[in-house]
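Chains as they are written, first to last, in my numbering: chain A, 932 to 1111; chain B, 2 to 156.
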């Protein structure tokens, strides 16, 4: 069967299986903004369903889909930047998000994740992307390189530099922070 | 602390991040998103232009635009051609010089000060005397005008 002509049911089943991973990747591509990530994922599904993005079978389905999400997130970001002033105004006017009451352990865990997210956001895009794909999505560096449309060597460099930088950004008691 | 340990810790941190995202229910419902995507794919976008379905106003506007662009292009072309013609018909310095040389070669040209050299007796410098020929100054054809001689005597 030509992989570019997946039956609709098969296509939907694959999308459903990968949906949580896709949302996690979309969040990472959108600076951990849930609303933006949902928009990006919605647009991605539209591209896939309407045939604008077509799976050619040259790589794994998940790798290809992550590539489409990444591209869509970039388009979304470019569009959002042109409306930056308006978005900023809306954000200022909006209510600050309410933090749910959590037990101490959860609060600590939540705080650790916030620190990690902020550290990732301070990394260059490519470094943040490769770390997310390898550590969060459990992809190999080669697969991450395919998603990011860079060479394997380049992905390795981004991976090593990203880890080093992330260690320096995280507190010393976590992940050997401040090392090197 | 080795880098391997660091990698393991990093992986653990990302795993926590992933587990929390899944547990907190942040992931939107797939069925809802898919249904919305299908609806969007089925409905034609308001910005989509289907070939052959362009409304009349749009056709008229396009025709006017073509005419306007065509008029400007024609005017610009006419101006360029006129400019080229003007430039080609202006006499150049080289052409004037060549005309002067041609006139000089056919003896048509005369220096503005040539009259100063036309003095009495100048013919003596332009002829060679010969035996048996009329003496210089006695040949009626070459003899200077009598009035001119008288004037010189008066001086």
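We put the beta carbon where it would ideally sit given N, CA and C, even for glycine. From a predicted model like this one, the values you see are computed outputs, not experimental measurements.
Pairwise C-alpha distance: residue j and residue i
| i | j | result |
| --- | --- | --- |
| residue 981 of chain A | residue 941 of chain A | 15 Å |
| residue 30 of chain B | residue 68 of chain B | 54 Å |
| residue 1087 of chain A | residue 1061 of chain A | 9 Å |
| residue 957 of chain A | residue 60 of chain B | 42 Å |
| residue 997 of chain A | residue 18 of chain B | 19 Å |
| residue 50 of chain B | residue 82 of chain B | Per-residue confidence for residue 50 of chain B stands at a pLDDT of 49, beneath the threshold of 50, marking its modelled position as unreliable; no derived number is given. |
| residue 41 of chain B | residue 977 of chain A | 7 Å |
| residue 53 of chain B | residue 75 of chain B | Residue placement at residue 53 of chain B is flagged as unreliable, the pLDDT there being 47, under the threshold of 50; a coordinate-derived value is accordingly withheld. |
| residue 969 of chain A | residue 1006 of chain A | 14 Å |
| residue 63 of chain B | residue 70 of chain B | 11 Å |
| residue 104 of chain B | residue 93 of chain B | 17 Å |
| residue 984 of chain A | residue 1050 of chain A | 32 Å |
| residue 939 of chain A | residue 6 of chain B | 44 Å |
| residue 1096 of chain A | residue 1085 of chain A | 16 Å |
| residue 33 of chain B | residue 960 of chain A | 22 Å |
| residue 937 of chain A | residue 12 of chain B | 34 Å |
| residue 999 of chain A | residue 965 of chain A | 18 Å |
| residue 971 of chain A | residue 955 of chain A | 12 Å |
| residue 1008 of chain A | residue 72 of chain B | 42 Å |
| residue 21 of chain B | residue 10 of chain B | 17 Å |
| residue 14 of chain B | residue 1070 of chain A | 16 Å |
| residue 1059 of chain A | residue 1093 of chain A | 7 Å |
| residue 1054 of chain A | residue 974 of chain A | 26 Å |
| residue 948 of chain A | residue 1098 of chain A | 33 Å |
| residue 78 of chain B | residue 953 of chain A | 58 Å |
| residue 1089 of chain A | residue 8 of chain B | 15 Å |
| residue 1081 of chain A | residue 1072 of chain A | 11 Å |
| residue 113 of chain B | residue 95 of chain B | 22 Å |
| residue 1010 of chain A | residue 1002 of chain A | 13 Å |
| residue 992 of chain A | residue 967 of chain A | 23 Å |
| residue 988 of chain A | residue 962 of chain A | 29 Å |
| residue 1057 of chain A | residue 1012 of chain A | 19 Å |
| residue 945 of chain A | residue 1045 of chain A | 31 Å |
| residue 111 of chain B | residue 118 of chain B | 12 Å |
| residue 995 of chain A | residue 1083 of chain A | 16 Å |
| residue 27 of chain B | residue 950 of chain A | 12 Å |
Boundaries (first-last residue) of the alpha helix (DSSP H) holding residue i
| i | result |
| --- | --- |
| residue 983 of chain A | Element bounds for residue 983 of chain A: n/a, residue is neither H nor E. |
| residue 1000 of chain A | 992-1013 |
| residue 951 of chain A | 939-960 |
| residue 98 of chain B | 94-106 |
| residue 161 of chain B | Here chain B covers residues 2 to 156 and nothing more, so residue 161 of chain B does not appear. |
| residue 1072 of chain A | 1072-1079 |
| residue 1097 of chain A | 1083-1100 |
| residue 1059 of chain A | 1056-1062 |
Reduced DSSP secondary structure (H/G/I, E/B, other) of residue i
| i | result |
| --- | --- |
| residue 111 of chain B | coil |
| residue 148 of chain B | Confidence at residue 148 of chain B is low in this model, with a pLDDT of 49, below 50, so the placement of that residue should be treated as unreliable; the coordinate-derived value is given next. Residue 148 of chain B: helix per DSSP, three-state reduction. |
| residue 120 of chain B | coil |
| residue 1038 of chain A | helix |
| residue 60 of chain B | helix |
| residue 967 of chain A | helix |
| residue 1044 of chain A | helix |
| residue 1 of chain B | Since the first residue of chain B shown is 2 and the last is 156, residue 1 of chain B is not available in this structure. |
| residue 128 of chain B | coil |
| residue 25 of chain B | coil |
| residue 1068 of chain A | coil |
| residue 133 of chain B | coil |
| residue 12 of chain B | helix |
| residue 989 of chain A | coil |
Contact list for residue i against chain D, beta-carbon separation under 8 Å
| i | result |
| --- | --- |
| residue 21 of chain B | Any reference to chain D falls outside this structure, whose protein chains are A and B. |
For this session: Decide yes or no for the touch test of the stretch 1037-1044 of chain A against the stretch 1072-1092 of chain A: beta carbon pairs closer than 8 Å, at least 3 of them.
Result: no
Problem set entry | Chain-ordered residues of the stretch 936-953 of chain A with a beta carbon less than 8 Å from chain B | 943, 946, 947, 950, 951
Problem set entry | Validate contact between the stretch 1048-1068 of chain A and the stretch 34-45 of chain B using beta carbons, cut 8 Å, 3 pairs | With the cut-off at 8 Å, the stretch 1048-1068 of chain A and the stretch 34-45 of chain B do not touch.
For this session: Select from the stretch 975-986 of chain A all residues with a C-beta closer than 7 Å to any C-beta belonging to chain B, and list them in chain order.
Result: 976, 977, 980, 981
For this session: Would you list, in chain order, the members of the stretch 999-1010 of chain A that have their beta-carbon closer than 7 Å to a beta-carbon of chain B?
Result: none
Exercise. Got a sec: which bits of the stretch 1049-1069 of chain A sit with their beta carbon under 7 Å from any beta carbon on chain B, in order along the chain?
Worked result: If the cut-off is 7 Å between Cβ atoms, the stretch 1049-1069 of chain A has 1066, 1067 near chain B.
Problem set entry | Residues, ordered as in the chain, of the stretch 962-974 of chain A that lie near chain B by beta-carbon distance below 8 Å | Those residues of the stretch 962-974 of chain A that come within reach of chain B (Cβ to Cβ, closer than 8 Å) are 965, 969, 972, 973.
Exercise. Which residues, in chain order, does the stretch 58-85 of chain B contribute to contact with chain A at a C-beta distance below 7 Å?
Worked result: none
Exercise. Closer than 7 Å, Cβ to any Cβ of chain A: which residues of the stretch 34-46 of chain B, in chain order?
Worked result: Here the close residues are 34, 35, 37, 38, 39, 41, 42.
Problem set entry | Residues from the stretch 1089-1101 of chain A in contact with chain B, defined by Cβ distance under 9 Å | Listed in sequence order: 1094, 1097, 1098, 1101.
Exercise. Along the stretch 1070-1085 of chain A, what residues have a CB closer than 7 Å to any CB found in chain B?
Worked result: none
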